Structures are given as structure tokens and as C-alpha cells.
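First residue of the sequence shown? That's 64 in the numbering used here, and the numbers climb one at a time after it.
Every residue gets a Cβ at the ideal spot worked out from N, C-alpha and C, and that includes glycine.
Given the structure is predicted, the values throughout are model-derived calculations rather than measurements.
Data block below; observations after.
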Amino acid sequence: DFIIDANTWQRDSALLIVVASVVISLVTVIVYPARRWAWAAIATGATNVAVTVILMISFTGPWLEAPTYIAKLWPASLISLALVFFTIAPGTRESRSSYPIVIVLGAMVTIPALLWSGRFDGTLSRAGAWLLASLVTVLVIGMLLLARRAWNRWVAVALSITMLVTFVSAQILQNGRGLLGGYGQYPFRSAFVGFNYREQMEAKINVQRWLIARTSPDDTIALWTDPQFLTADVAAMQLWGGYNIFTREAELNRETTMHLEEIRPSVIALYAPGKTHIDTLYETLPPWALPSELECTE
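Take a look at the structure:
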């Protein structure tokens, strides 16, 4: 089932925006119970979570470990938040002005900010992620209450700023999850930054062919891939099995050395973007492994 770490959801900052969208849409229904957009927001956000829970219960799999599945929660959460802002803004049948100039100016600032946040390459701490998600939730709820009491040009400006902060923060929370678990990991900023995945996959296939050509069916192969090399370990796992990956760290420690001893390999295959990474791991191999000189390919 490819599950490597079933508890990544407990520290995944990307899921905080999913939770925040449900909380915010629930408050929206309470503040604006007569508006259809509010009910559409809570229905979208709650259904998003419910379907995920049902899938996790019904089918075993890396649902909240793989970025592929986390990303599928993203559209519904953003739609739910957008519906919340539709609820706050004046409707077409209302006499209140929507202040189109404010909307245009807000869009001119928001779009570049979103493109910038999409390139965010940091990893948020758990405390930092919770703080950011909490601030967004409080900000939007405050906006709901403010717009309920009054609507004028300055409130419209406040709404534009709230939307900017919300969607930029959402992107930072998504990008800031880092590489969690081990299955199918890739950075979400790849939607904004090219990573040449095709070339990477072709390189993995060539390495696998090279290794097969230099081993026999009687060999036991222990695998290692650089922990920062995105989906390299998945390529190895698909061919030889996850058990043969003797460590996911840059160096061996006592526990992973014991695992290597359990495998008792006749061949150790090391896969990384550069020889420096391989040399670092190679130097920590135990003496009993009797490693031969490295035979490398690019």
C-alpha cells in the first residue's frame, strides 16, 4: 500500500487551510444565515473533508502522506474561502456599491503576491504554521463581523486586504509543508518553478538499467537515495521494494546500521544528484560491510 508514515497529517501545514476553510465557512453561516453563498461555502468545505475521511476509512493508502492527494483537497478549500468572500461582498440585487476601483486595485496587488508566494521554498515549523493559520482565521472572521455592521469604501479596502492575506497565506502554508513521509514526495512550488521531472525520471530509469546489468538474480541489493532528492526513493521502491531502503537519512546511525545488517546485502546501490552525497553515506558504512571501491554512473 506504499504507506511509509501514516501520521504526516498531524504535522502537515497544508491541511491547516482545509480546516480553516471549514471553520471560517461555519462562522459565515452563523453571521449570514440568509445568504446562499454562505451555505455553499460550508457545504463545499465540509464535503471536502467528509469525502477524504470516507476514502481513508474505506481504502488503505497514503491518502494524507502523498502530495498528490493533499493537492486534491486544495481546490475545494479555496472555493469554500472564495464563497465566503462572495458572501461578504454586496450582491447584484443590493443597492450597496461593490466599489469596482477597489476591486481592480486589489487584483493588481494580489496577483503578483500570489505568484511570489507560489515560489515560497521554506519549511514552516509546526508553531509557525498554526500561528499563520490562526491569524488568517481570526482575520476573516473579523472581516465577517465588520462587513455585517457597515459597508463603505474603507470596508471594501479591508476586504481586499483580507483576501490578499488569506490566499497568500494559504499558498505559504501549502508550500511550507516540506517533504513529509516518503511516498511520492515533491514540493508544491513545482506548480510555479520548473523541476524537469521528465529528465529526472529518465535518469532514474537509466540508473536502474545500469544496476540490473551489473547484478545477478542471486544478489541482495540494499538501496539508498539522497533524502532531499525529491521522488528518487519512490523510483527505487517500485523496482526493489521499500524494505531494501536501509536508511532515509544522509548518514548511517545505530538503528539503520542494524537494518543494513538484517538485509545482509551483496550489493549496496547509492543514488543521489552528486557524488558528494554518496561519499558522505559511503564513509559511514560499517567495517563488516567490506565495501568495495565505488563504481559510478551518471
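Item	Value
Given this structure, state the Cα-to-Cα distance separating Trp287 from Tyr345, to the nearest angstrom.	10 Å
What's the C-alpha gap between Val270 and Leu315?	23 Å
In three-state DSSP terms, what is Trp217?	helix
Out of Phe122, Ala97, Ile87 and Ser121, which has the shortest C-alpha to C-alpha gap to Thr105?	The sequence shown places Ile at residue 105, not Thr. Closest by alpha carbon: Ile87.
Measure the C-alpha to C-alpha separation of Asp296 and Gln234 and round it to an integer number of angstroms.	For Asp296, the predicted structure reports a pLDDT of 48, less than 50, and the residue's modelled location is therefore unreliable. The matter cannot be settled from this model.
Would you say the beta carbon of Leu195 is closer than 7 Å to some non-hydrogen atom of the ligand SAM?	The ligand SAM is not part of this structure, which contains no ligands at all.
Whose C-alpha, out of Thr347, Thr339, Arg211 and Gly337, is nearest the C-alpha of Met321?	Thr347
Would you identify the three-state DSSP class for Leu293, choosing helix, strand or coil?	Confidence is the limiting factor: at Leu293 the pLDDT is only 49, short of 50, which leaves the residue's position unreliable, though a coordinate-based value still follows. Here Leu293 sits in coil by DSSP.
Check the DSSP bridge columns for Ala285 and list the partner residues they point to.	Ile331
Out of Leu79, Asp282, Ala335 and Ala101, state which residue places its alpha-carbon closest to the alpha-carbon of Ser188.	Leu79
What are the boundary residues of the alpha helix (DSSP H) that Ala210 is part of?	Arg189 to Arg212
Rounded to a whole number of angstroms, what is the C-alpha to C-alpha distance between Arg98 and Thr131?	34 Å
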